[in-house]
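Trainee:
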Amino acid sequence: MRTIAPSLLALASFVVGCETTSSTSTQGPAVEVREVELESPFPDAASLMDLAARPRPEAAALFGPAVADVDTWTFVGVGGTTVEAAPYAGEDRNAVVAAQAIADDATGRRLTQGMQCLAEEYGQFVLAHGAAPAADIEAFMAMRCGTPVAHPRIVATPVPLASAKPLHADRDRARLQAAFAGTAPGAQLGFYKGRGKTSAIEVLASGVPEATLDAPLALAGHAGQVELRGTVAWDLDTVVGWATAGAQGVAACTRTGPVASPAFALRCPVAAEGTTTIELHAAPRGELPERLVLRVLVAGGATVPTTYRAETLPLPADATRDEASVVNAVNALRLAAQLPPVAGVEAQSKVLGALLPQHAAAASDPAQAELANQAELGMIAGREIEGDLLSGGVLVTAAPVARSFERELAGALASPHARALVLDPQAKHLAFTTTEDQGLGMRRSALAVYAEPAAEADHSADVAAYLDALDLQRQAAGLPPVVRGQDPADLQTMQATAARVYAGEIGPATALDELLRYIATKTKRSFKGSIVFPYSLAGWSPTFQGSLVEAEEVTVLAAIGRHRVQDGWGRPMVVVLYEAKTTPPAAAPAADPAVAAEPSPAEAAPPAEGSAPAAAEPVAPAPAATPTP
Numbered sequence: 010m011r012t013i014a015p016s017l018l019a020l021a022s023f024v025v026g027c028e029t030t031s032s033t034s035t036q037g038p039a040v041e042v043r044e045v046e047l048e049s050p051f052p053d054a055a056s057l058m059d060l061a062a063r064p065r066p067e068a069a070a071l072f073g074p075a076v077a078d079v080d081t082w083t084f085v086g087v088g089g090t091t092v093e094a095a096p097y098a099g100e101d102r103n104a105v106v107a108a109q110a111i112a113d114d115a116t117g118r119r120l121t122q123g124m125q126c127l128a129e130e131y132g133q134f135v136l137a138h139g140a141a142p143a144a145d146i147e148a149f150m151a152m153r154c155g156t157p158v159a160h161p162r163i164v165a166t167p168v169p170l171a172s173a174k175p176l177h178a179d180r181d182r183a184r185l186q187a188a189f190a191g192t193a194p195g196a197q198l199g200f201y202k203g204r205g206k207t208s209a210i211e212v213l214a215s216g217v218p219e220a221t222l223d224a225p226l227a228l229a230g231h232a233g234q235v236e237l238r239g240t241v242a243w244d245l246d247t248v249v250g251w252a253t254a255g256a257q258g259v260a261a262c263t264r265t266g267p268v269a270s271p272a273f274a275l276r277c278p279v280a281a282e283g284t285t286t287i288e289l290h291a292a293p294r295g296e297l298p299e300r301l302v303l304r305v306l307v308a309g310g311a312t313v314p315t316t317y318r319a320e321t322l323p324l325p326a327d328a329t330r331d332e333a334s335v336v337n338a339v340n341a342l343r344l345a346a347q348l349p350p351v352a353g354v355e356a357q358s359k360v361l362g363a364l365l366p367q368h369a370a371a372a373s374d375p376a377q378a379e380l381a382n383q384a385e386l387g388m389i390a391g392r393e394i395e396g397d398l399l400s401g402g403v404l405v406t407a408a409p410v411a412r413s414f415e416r417e418l419a420g421a422l423a424s425p426h427a428r429a430l431v432l433d434p435q436a437k438h439l440a441f442t443t444t445e446d447q448g449l450g451m452r453r454s455a456l457a458v459y460a461e462p463a464a465e466a467d468h469s470a471d472v473a474a475y476l477d478a479l480d481l482q483r484q485a486a487g488l489p490p491v492v493r494g495q496d497p498a499d500l501q502t503m504q505a506t507a508a509r510v511y512a513g514e515i516g517p518a519t520a521l522d523e524l525l526r527y528i529a530t531k532t533k534r535s536f537k538g539s540i541v542f543p544y545s546l547a548g549w550s551p552t553f554q555g556s557l558v559e560a561e562e563v564t565v566l567a568a569i570g571r572h573r574v575q576d577g578w579g580r581p582m583v584v585v586l587y588e589a590k591t592t593p594p595a596a597a598p599a600a601d602p603a604v605a606a607e608p609s610p611a612e613a614a615p616p617a618e619g620s621a622p623a624a625a626e627p628v629a630p631a632p633a634a635t636p637t638p
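Residues in the sequence shown are numbered consecutively from 10, following our numbering.
See below:
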C-alpha cells in the first residue's frame, strides 16, 4: 500500500493523504489566499509508462497454478461452526505433529482449526482434480472452515507416493519448522499431508488476520441480520461491508453507531434461507485502495451447507471476452437489477492491458506488494476517462482457457464486493482486458468499473456521521457533544459556496475565506474553519485535533461538497466552521466586536485550524505545523 506523506505548501498547512486539510487565519497582514493543491494517490503518467514498459513477467508467475474447470465442491471434512482463531485440537496425526513442531514459535505462529480445515479441503480438491480450485471455491472453503484470515497463502507441493508416509515428530520436526519459518510472523497455519490413488501432496496454508472479531461468530442461526464488531490491525481510514442478496444481488451493511478507529461495528443483512457471504473492506489511514480484511459465510437457518455450486448468470448466449461483449454482459446484469447501462472505454482498456501482467505476477508475491499496489492504482485511476470520477475498482480473475466467460464472471460475482462494483448505481464506464497462455491452459482477465458522482447528492447523513465521530472523540476526552449549527440560511450558504468550488468558480481556500468572513460578520463572533478532503465518505473514520476536541464548548456548522482534481478521482470536501470556548468569558469592558482576541498559546497555530474575527477583511492562510495524518 502506498502512504502519502505530509507536505508543507506556501503559507498553509496541508496533510496530503486520506484527510487533506486546509487552514486559514486572519492573524497578521492580509495577503493573497493560496489555493489548495492536492497530491494524487495515483501513479502519474510517467510512472504508468514505466510500469507498462517493464519486461513481461514469466508465464508461471503471471498465470499462477493451473486451475481446475470445476463448478462445484462438497466438503470432504466437517467444516467449522464458528469464525475464530481457535488452536488446532483435532486428532489428525500429521496435524498434531505439525502443531507440536510450531508450539514454541517465538512470533506466535500456530496451527488453528480454521486454517487446518482449509489446508485439508484444498489438498483433497487437488488430489481429486489434479489442479487448484478456482478463487470462488477456495473462498468458500476458507469461509466454511471458519478462518478469519481473509488472504490465505496456500502452497501445495506434490510428493512421491513412496515417501508419502505419516509425519514423525522427531524425523520431520526440523523440516516442518523450516517450512513454517517462511510464513509471516504470527501466522495462523494449517498443514495437510495426504495421498490419492496416483499422487500425494503436502499443503501449507498460512495467513495473518487483518480483522479480529470481538467474539467468535456462529456460522448458523442468524435471523435476518448479523452484527460484526471487532478491530482492524491498523489505523483505518474507511471500512465498509457488503452482503450477497440472492443469486446476483447485493446489500450494504450499515454502521450500528460511531466507533473510533481501528474498531468497526456493522450490521449486515442475512437471507432467511441458504447462505449469505459478507465481506468487509478497509483502507489504512492515508492509503488507497481499500482491501479485503474479513470474509464470512453465515446462514439464517440452523445449518450451513457444505456444498458450493457456482451461480448461473443470465448473460447473452454469445457472451465472449471482447470489450463490446463484456459490456453487453454487464449491462444485462444491470438491466435485471433495474440499473442504467455502462459504456466501454477502449483507451482505458488498453491501460488495463498494459498493467495487468505486472499486477497479476506481483500480487501473489509478498515481496512485490508495492508493485502490485501501484499497478492496481494505475488501473482504477481511470486516466483515460473524461470528467470527474467518484470511484473505480477492478476485478482480476484467473481461469482455465476452456472456461466460459459466464462461469468466470459468476465466480467473480460470488464476492459481494464485486457485485457492489458491477452493480453500482452510479457506475458509468467499463474497461476490460484479457491475456492467455495456451501452453499453460490459463487465462488472466481484468474488468474495471468507474462511477461518477451524483448530480445532486444529499450529504445530510454524511454530515451527521462526521459530527457523531467528533462527539465520540470528545466523549473519550470527557467533553460534552458539540452544539450543531441548525440555521438553514447558514447551511444553505455553505452548500452554495461548496457548489461554486465544484463548478470551478473559486478554489477551496477562497471558499473557506468567504465562509469565515460571512459567519463572523453575521454573528459578530470569532469562528475558525477547516476543509478536509477524504478519499471517500463511505465508512469514513475521521480524526480530529486542536480545539475541536480540546475546548469545553464548541459550536459547529458543517457542509459537504466536492472538489474536482486534475489527476484521478475528485475528492469529497468537508467544510467545517466552528466556535470554540475553552473557558467561560471573564467580566471585562465591552470591546469592539470587529477586533479579534489573540489566540491562546495552545491555539496560536493549531494543526488544521484557522480563525476569523468578526470583520470582512481579506483572509490569508497562516503558517502552521504540519499535523501527522
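A virtual CB, placed ideally from N, CA and C, is assigned to each residue, including glycine.
Quick check on the DSSP output: what are the complete beta strand (DSSP E) runs of length 3 or more inside the region 366-395, in order along the chain?
Mentor: You should have found no qualifying run.
Trainee: For Gly205, which residues from the same chain have a beta carbon less than 8 Å from its beta carbon, with the 5 sequence-adjacent residues on both sides left out?
Mentor: Same-chain partners within the cutoff: Leu136, Ala137.
Trainee: Runs of 3 residues minimum, wholly inside the region 244-279: which ones carry the beta strand (DSSP E) assignment?
Mentor: The region 244-279 contains these whole beta strand (DSSP E) runs: 245-254, 258-261, 272-278.
Trainee: Who does Leu566 pair with in a DSSP beta bridge?
Mentor: Leu586, per the DSSP bridge assignment.
Trainee: Could I get the ranges of all uninterrupted beta strand (DSSP E) runs contained in the region 301-367, with 3 residues as the minimum, in chain order?
Mentor: Segments of the beta strand (DSSP E) lying fully in the region 301-367: 316-318.
Trainee: Assuming contact is defined by CB atoms lying nearer than 8 Å, are Gly353 and Glu44 in contact in what I supplied?
Mentor: Not a contact, by the Cβ cut-off of 8 Å.
Trainee: Please go through the same chain and pick out, in chain order, the residues whose beta-carbon is closer than 6 Å to the beta-carbon of Met150, but skip the five residues on each side of it.
Mentor: Closer than 6 Å at Cβ, skipping near neighbours: Leu127, Glu130.
Trainee: Do you know how far the Cα of Gly309 is from the Cα of Gly199?
Mentor: Taking the straight line from one Cα to the other gives about 29 Å.
Trainee: Enumerate in chain order the residues of its own chain whose CB-to-CB distance from Ala141 is below 6 Å, with the five nearest sequence positions on each side excluded.
Mentor: Contacts found: Pro74, Val76.
Trainee: Can you pull the DSSP bridge partners for Thr443?
Mentor: DSSP lists Ser454 as partners of Thr443.
Trainee: Roughly how many angstroms separate the alpha carbons of Val302 and Val248, rounded to a whole number?
Mentor: If I take the Cα positions, the gap works out to 9 Å.
Trainee: Evaluate Ser172 with the Cβ neighbour count: other Cβ atoms within 10 Å of its Cβ, from every protein chain shown; 16 or more gives buried, anything less gives exposed.
Mentor: Ser172 is exposed by the Cβ-count criterion.
Trainee: Measure from the alpha carbon of Ala220 to the alpha carbon of each residue in Ala485, Asp467, Arg304, then state which is nearest.
Mentor: Ranking the options by Cα distance to Ala220, first place goes to Arg304.
Trainee: For the beta strand (DSSP E) that contains Leu404, what are its first and last residues?
Mentor: Note, Leu404: beta strand (DSSP E), 400-409.
Trainee: In or out: Met503 buried (at least 16 other Cβ within 10 Å) or exposed?
Mentor: Buried.
Trainee: Measure from the alpha carbon of Thr166 to the alpha carbon of each residue in Gln133, Pro218, Leu306, then state which is nearest.
Mentor: The shortest Cα separation from Thr166 among Gln133, Pro218, Leu306 belongs to Gln133.
Trainee: Output needed for Thr312: all residues of its chain with C-beta closer than 8 Å, excluding positions within five of it in sequence on either side, in chain order.
Mentor: Closer than 8 Å at Cβ, skipping near neighbours: Ala229.
Trainee: At which residues does the beta strand (DSSP E) containing Val168 begin and terminate?
Mentor: Looking at the DSSP string, the run of the beta strand (DSSP E) that includes Val168 is 162-168.
Trainee: So that I know if they touch, is there some Cβ in chain B lying closer than 8 Å to that of His177?
Mentor: Looking for chain B here will not work: only one protein chain is present.
Trainee: Which value, in whole angstroms, describes the spacing of the CA atoms of Asp374 and Leu47?
Mentor: If you take the alpha carbons of Asp374 and Leu47, they lie about 32 Å apart.
Trainee: Let me make sure I understand the geometry here. Which of Ile540, Leu525, Asn340 has the alpha-carbon closest to that of Lys533?
Mentor: Answer by Cα proximity: Leu525.
Trainee: Would you kindly work out how many angstroms separate the C-alpha atoms of Asp145 and Ala214, rounded to a whole number?
Mentor: Cα to Cα, Asp145 sits roughly 17 Å from Ala214.
Trainee: May I ask you to report which of helix, strand or coil DSSP gives His426?
Mentor: Three-state DSSP puts His426 in a helix.
Trainee: Residues in its own chain within less than 7 Å of Glu607 by CB, not counting five upstream and five downstream?
Mentor: Per-residue confidence for Glu607 stands at a pLDDT of 33, beneath the threshold of 50, marking its modelled position as unreliable; no derived number is given.
Trainee: Can you tell me whether Ala613 is buried or exposed, with buried defined as 16 or more other CB within 10 angstroms of its CB?
Mentor: With a pLDDT of 32 at Ala613, under the threshold of 50, the predicted position of this residue should be treated as unreliable, though the coordinate-derived value follows. Looking at its Cβ environment, which holds fewer than 16 other Cβ atoms inside 10 Å, Ala613 is exposed.
Trainee: Name the residue from Val585, Leu176, Gly362, Arg571 whose alpha carbon lies nearest to the alpha carbon of Met58.
Mentor: Among Val585, Leu176, Gly362, Arg571, the Cα nearest to that of Met58 belongs to Gly362.
Trainee: Check whether the Cβ atoms of His426 and His290 lie closer than 8 Å to each other.
Mentor: Yes; because the gap between Cβ atoms is below 8 Å, this pair is in contact.
Trainee: Measuring only the C-alpha atoms, how far is Thr315 from Arg153?
Mentor: One C-alpha to the other measures close to 7 Å.
Trainee: Mind the definition here: the region 279-297 touches the region 59-70 only if three or more C-beta pairs lie below 8 Å; say whether that holds.
Mentor: The region 279-297 is not in contact with the region 59-70.
Trainee: Could you tell me the alpha carbon to alpha carbon distance between Leu418 and Ala411, rounded to whole angstroms?
Mentor: For Leu418 and Ala411, the distance between alpha carbons rounds to 14 Å.
Trainee: To the nearest angstrom, how far is it from the Cα of Gly513 to the Cα of Pro497?
Mentor: Distance between the alpha carbons of Gly513 and Pro497 is about 24 Å.
Trainee: Roughly how many angstroms separate the alpha carbons of Thr156 and Glu147, rounded to a whole number?
Mentor: Going from the Cα of Thr156 to the Cα of Glu147 covers about 12 Å.
Trainee: Using a Cβ distance threshold of 8 Å, determine whether the region 86-103 contacts the region 454-468, with at least three qualifying pairs required.
Mentor: Output reads no: the region 454-468 does not touch the region 86-103.
Trainee: What three-state label does DSSP hand Thr90 in the structure shown?
Mentor: It is coil, neither helix nor strand.
Trainee: I need the DSSP call for Pro434, collapsed to helix, strand or coil.
Mentor: If DSSP states are grouped into helix, strand and coil, Pro434 belongs with coil.
Trainee: DSSP beta-bridge partners for Tyr459?
Mentor: Answer is Gly401, His438, bridged to Tyr459.
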